[in-house]
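Engineer: Sharing a structure with you now.
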Amino acid sequence: MQERLQKILSQWGIASRRQAEQMILAGRVRVNGTLADLGQKADAESDRIEVDGRLLKVANRPNLIYLLLHKPAGVVSTCSDPQGRTTVLDLLPPELRLNSGIHPVGRLDADTTGALILTNDGDLTFRLLHPSHKITKKYQVWVHGQPPQKVLENWRQGVLLAGKKTLPAQVKILKTRANGDKTLLEIVIEEGRNRQIRRVAETLGYPVIHIHRVAVGPIQLQTPQEPLLSGQYRPLKDDEIDFLQSAGSDVRRQTCQITDKLPKPSRKDLTKKPVG
Numbered sequence: 001m002q003e004r005l006q007k008i009l010s011q012w013g014i015a016s017r018r019q020a021e022q023m024i025l026a027g028r029v030r031v032n033g034t035l036a037d038l039g040q041k042a043d044a045e046s047d048r049i050e051v052d053g054r055l056l057k058v059a060n061r062p063n064l065i066y067l068l069l070h071k072p073a074g075v076v077s078t079c080s081d082p083q084g085r086t087t088v089l090d091l092l093p094p095e096l097r098l099n100s101g102i103h104p105v106g107r108l109d110a111d112t113t114g115a116l117i118l119t120n121d122g123d124l125t126f127r128l129l130h131p132s133h134k135i136t137k138k139y140q141v142w143v144h145g146q147p148p149q150k151v152l153e154n155w156r157q158g159v160l161l162a163g164k165k166t167l168p169a170q171v172k173i174l175k176t177r178a179n180g181d182k183t184l185l186e187i188v189i190e191e192g193r194n195r196q197i198r199r200v201a202e203t204l205g206y207p208v209i210h211i212h213r214v215a216v217g218p219i220q221l222q223t224p225q226e227p228l229l230s231g232q233y234r235p236l237k238d239d240e241i242d243f244l245q246s247a248g249s250d251v252r253r254q255t256c257q258i259t260d261k262l263p264k265p266s267r268k269d270l271t272k273k274p275v276g
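Okay, so the sequence shown: first residue is 1 according to the UniProt record's numbering, each after it adds one.
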């Protein structure tokens, strides 16, 4: 079955859809001995596809990996960093981070801590990050001062950022320091514009002190049965993976046109390990 090369590479866990496009443009991908073009189609089973000189073989198709990482502060949410900073992949053991195509789904600011999904399922990543896809993320946010209800209501209804109003958000106070110098908020949002929470808080006059993501949809960073310390990861449970896949199903129907006849690789069985 012929499919676009970037889709094949993402389905095989070689790279995310966007990274695969960059690899093709950089001349790192060949089909039947010829440099590939962006948008070119191929058949993973009958065509000879090479990435950096390495042949893709059906028998060597990697198992799909789905992890939840408790990202520490000071770690960047990228696969590599030209400035030499620690990346989220540096927190994983070699058998997971090398030649597996694993990458973060979205990003957290370097100073932000908490829940971050890692996977080598590039097709899932594409669907979850598609603009038409909405999935809630829950944060605990310390801000300077004590915002009144009027400010919180403005936040809930949406705030103009660069001429565009943010989507409605759930915002409530969890606790306030006795002297009123800082307040802990719980914030639930669907969109993820660049540094959105920090920019909204600054606009409303209550700058952020710290942001911690506690959940992605129903996927909780901390549970009584399986607490995750900073820098630790765990494999996602089957129901959590199913949620992510079903959450992106509308995007799949609209843009990917994947049928149920496609073979599905097995999910890699992983155990939680301390990292970092």
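Even glycine gets a Cβ: it sits at the ideal position worked out from N, Cα and C. Computed from a predicted structure; not experimentally measured.
Return the CA-CA distance between Y139 and L116, expressed in angstroms with no decimal places.
Structural biologist: 12 Å
Engineer: When we look at the beta-carbon of P147 and count the other beta-carbons within 10 Å, is it buried (16 or more) or exposed?
Structural biologist: buried
Engineer: Note down the Cα distance separating L229 from I211, rounded to an integer number of angstroms.
Structural biologist: 16 Å
Engineer: Counting only the same chain and skipping the five closest in sequence on each side, list residues whose C-beta sits under 6 Å from that of Q2.
Structural biologist: K41 and D43
Engineer: When you compare the segment 8-17 with the segment 106-124, are there three or more beta-carbon pairs, one atom per stretch, that lie closer than 8 Å?
Structural biologist: yes
Engineer: For L38, which residues in the same chain have their Cβ closer than 7 Å to its Cβ, ignoring the five residues on either side in sequence?
Structural biologist: E21, I24 and L25
Engineer: How would you write the range of the alpha helix (DSSP H) that E95 sits in, first residue to last?
Structural biologist: P94 to R97
Engineer: Three-state secondary structure (DSSP) at W155?
Structural biologist: helix
Engineer: Quick check on the burial criterion: 16 or more other C-beta atoms within 10 angstroms. Buried or exposed for V58?
Structural biologist: exposed
Engineer: Which residues does DSSP list as the beta-bridge partners of G114?
Structural biologist: K71 and R213
Engineer: With hydrogens ignored, establish whether the beta-carbon of E95 is closer than 7 Å to any heavy atom of the ligand HEM.
Structural biologist: The ligand HEM is not part of the structure shown, which contains no ligands of any sort.
Engineer: At a cut of 8 Å, does the segment 161-170 reach the segment 187-201 through at least three beta carbon pairs?
Structural biologist: yes
Engineer: Out of I65, G180 and H70, state which residue places its alpha-carbon closest to the alpha-carbon of R97.
Structural biologist: I65
Engineer: Going straight from the alpha carbon of L92 to that of L35, what length do you get?
Structural biologist: 33 Å
Engineer: Please name the residue or residues paired with H133 in a DSSP beta bridge.
Structural biologist: Answer is none; H133 lacks a bridge partner.
Engineer: What are the start and end residues of each continuous alpha helix (DSSP H) run of 4 or more residues lying completely inside the UniProt domain "RNA-binding S4" (3-62), in chain order?
Structural biologist: 5-11 and 17-25
Engineer: Expressed to the nearest angstrom, what Euclidean distance is found between the alpha-carbon atoms of L221 and V105?
Structural biologist: 15 Å
Engineer: Give me the DSSP bridge partner(s) of Y206.
Structural biologist: Paired residues: none, contrary to the question.
Engineer: For E240, report the span of its alpha helix (DSSP H) as first-last.
Structural biologist: D238 to A247
Engineer: Using the rule of at least 16 other Cβ atoms within 10 Å of the residue's Cβ for burial, across every protein chain shown, is E226 buried or exposed?
Structural biologist: The residue in question, E226, is exposed, as its Cβ has fewer than 16 Cβ neighbours within 10 Å.
Engineer: Identify whether V141 lies in helix, strand or coil by the three-state DSSP scheme.
Structural biologist: strand
Engineer: Are there 16 or more other CB atoms within 10 angstroms of the CB of R252, so buried, or fewer, so exposed?
Structural biologist: Low local confidence applies: a pLDDT of 47 at R252 is under 50, so the model's placement there is unreliable, and no value is given.
Engineer: Taking the beta carbon of E95 as the centre, do at least 16 other beta carbons fall within 10 Å, making it buried, or is it exposed?
Structural biologist: exposed
Engineer: State the beta-bridge partners of V76 as determined by DSSP.
Structural biologist: Answer is T87, bridged to V76.
Engineer: Going by beta carbon distance, what residues of the same chain come within less than 8 Å of R85, once the five residues before and after it are set aside?
Structural biologist: G74, V75, V76 and A110
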